[in-house]
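What follows is a short report on a single structure.
Numbering (our numbering), first residue to last: 11 to 270.
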């Protein structure tokens, strides 16, 4: 009988998860429709790195312009619906957590959205614009770039999304350090591996014949790693300080008890 109840509970959890996934897709779809209004303005911003160099972006298929605008709308829809998606998953996980864990998880969900959005914005304004202008510079005056809007926007989205994920690293590392699942010594030992993984990941995400463009992706990744190392060191310092104060308090209480 116990096994049956346990099986039903598991089925209910899977059903709830399925419902959350459906609601997340619906939220993204709804926000994508709403973002259609600002589609043109966002498209102008995304095209600015190319247009500012005096070049133009074309389309070579009848439906390419329409499909690109739909793609941009869904990209914006995902970004704007992300708070709703995180809230849905927050509601799904929160009942299984203890009081302090609920507080930590709520803060984590809130800050993670800010970090993700900040990473996308940083990727566009600090890296992507420079990378596009640098890559177009290779053509010189002899070659005329003919960029299609569909491929350009796909490249843009694939370039920006990893930055949102990369900016989550310090936050994730902070909580892992708080839970004693990650140590400063371990991260220091893995520095060479972090450099290698950053370069490889940059090369995979941004395949380019030159070495500088993947490095423009790899550099922020490794900087986030070094920031994570500093965060773990700070967390461990705080733990040692707290433990030292607790020992001093225990010694003081023991001395007071002995005197009395």
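C-beta atoms are modelled at their ideal positions from N, C-alpha and C, and glycine is treated no differently.
Note that the coordinates shown come from a computational prediction; the quantities given were computed from them, not determined experimentally.
Range of the contiguous alpha helix (DSSP H) that encloses residue i
i           : result
residue 201 : 201 to 215
residue 49  : 49 to 61
residue 148 : Where residue 148 is concerned, there is no enclosing alpha helix (DSSP H), given that its DSSP letter is neither H nor E.
residue 245 : 222 to 269
residue 185 : 179 to 188
residue 75  : 74 to 103
Rounded Cβ spacing between residue i and residue j (contact assumed at less than 8 Å)
i           : j           : result
residue 59  : residue 142 : 4 Å
residue 26  : residue 102 : 6 Å
residue 238 : residue 180 : 5 Å
residue 96  : residue 124 : Not quite, the Cβ-Cβ distance comes to about 11 Å (not below 8 Å), so this is no contact.
residue 145 : residue 223 : 6 Å
residue 64  : residue 130 : Contact flag wrong, Cβ pair sits at about 27 Å.
residue 126 : residue 177 : 6 Å
Cβ-based neighbour list, residue i, same chain, cut-off 8 Å, excluding 5 preceding and 5 following
i           : result
residue 116 : 100, 104
residue 243 : 194
residue 46  : 79, 83
residue 114 : 185, 188
residue 68  : 156, 157, 158, 159
residue 40  : 87, 91
Exposure of residue i, with buried meaning 16 or more beta-carbon neighbours within 10 Å
i           : result
residue 198 : exposed
residue 166 : buried
residue 162 : buried
residue 15  : Note on residue 15: pLDDT 41, under 50, position unreliable in the model; no value is reported.
residue 106 : exposed
residue 159 : buried
residue 62  : exposed
residue 268 : exposed
residue 203 : exposed
residue 228 : buried
residue 18  : Note that residue 18 has pLDDT 49, beneath the 50 cutoff, so the model's placement of it is unreliable and the number below is only indicative. Residue 18 is exposed by the Cβ-count criterion.
residue 38  : buried
residue 169 : buried
residue 253 : exposed
residue 216 : buried
residue 36  : exposed
residue 234 : buried
residue 34  : buried
residue 128 : exposed
Residues that DSSP places opposite residue i in a beta bridge
i          : result
residue 67 : 157
Contacting residues, own chain, Cβ-Cβ under 6 Å from residue i (five flanking each side not counted)
i           : result
residue 226 : 137, 141
residue 112 : 104
residue 71  : none
Close beta carbons around residue i, own chain, < 7 Å, minus the five adjacent residues each side
i           : result
residue 183 : 192, 238, 241, 242
residue 247 : none
residue 245 : 184, 187, 188
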